[in-house]
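What follows is a set of notes on a single structure, which appears directly below.
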């Protein structure tokens, strides 16, 4: 099953820095096992563009649509047997301590 893992900042990161995981190791291990299909860091929210159509009119604005202290800073597309495996993959990601990770299954249409 495929999961989109949104990598987000958090206003309350973990203060315990012992045994902090390395992102390069996490990427290498999950790429090698075929669990990470792709992923990337996103440009800052100042580079965002929001696109909407209302009453047939295109509305384009600079910046993110929502104002929030937590921001999506990256993503990883995971291929896991089930949610339990996706959670295990996510818990080893450095941002599980520094930020937060949101897992969402992809829906086959």
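Residue numbers (the UniProt record's numbering): 1 to 109. Just so it is clear, CB atoms sit at the ideal spot from N, CA and C, and this is done for glycine as well. Predicted model only: the values in this text are computed from it and were never measured.
Does DSSP classify residue 61 as helix, strand or coil? DSSP places residue 61 in the strand class (E or B) of the three-state scheme.
Candidates 8, 24, 47 and 46: which alpha carbon is nearest residue 36's? Nearest to residue 36 by C-alpha distance, out of 8, 24, 47 and 46, is 24.
Am I right that residue 102 and residue 77 are in contact with their C-beta atoms under 8 Å? What's the rounded C-beta distance? Incorrect: roughly 13 Å between the Cβ atoms, too far for contact.
Determine the direct distance from the alpha carbon of residue 4 to that of residue 59, and round the result to whole angstroms. If I take the Cα positions, the gap works out to 27 Å.
Indicate the three-state DSSP secondary structure (helix, strand or coil) for residue 46 in the structure shown. Three-state DSSP puts residue 46 in a helix.
Quick one: is residue 55 buried, meaning 16 or more other Cβ sit within 10 Å of its Cβ, or exposed? With fewer than 16 Cβ atoms within 10 Å of its Cβ, residue 55 is classed as exposed.
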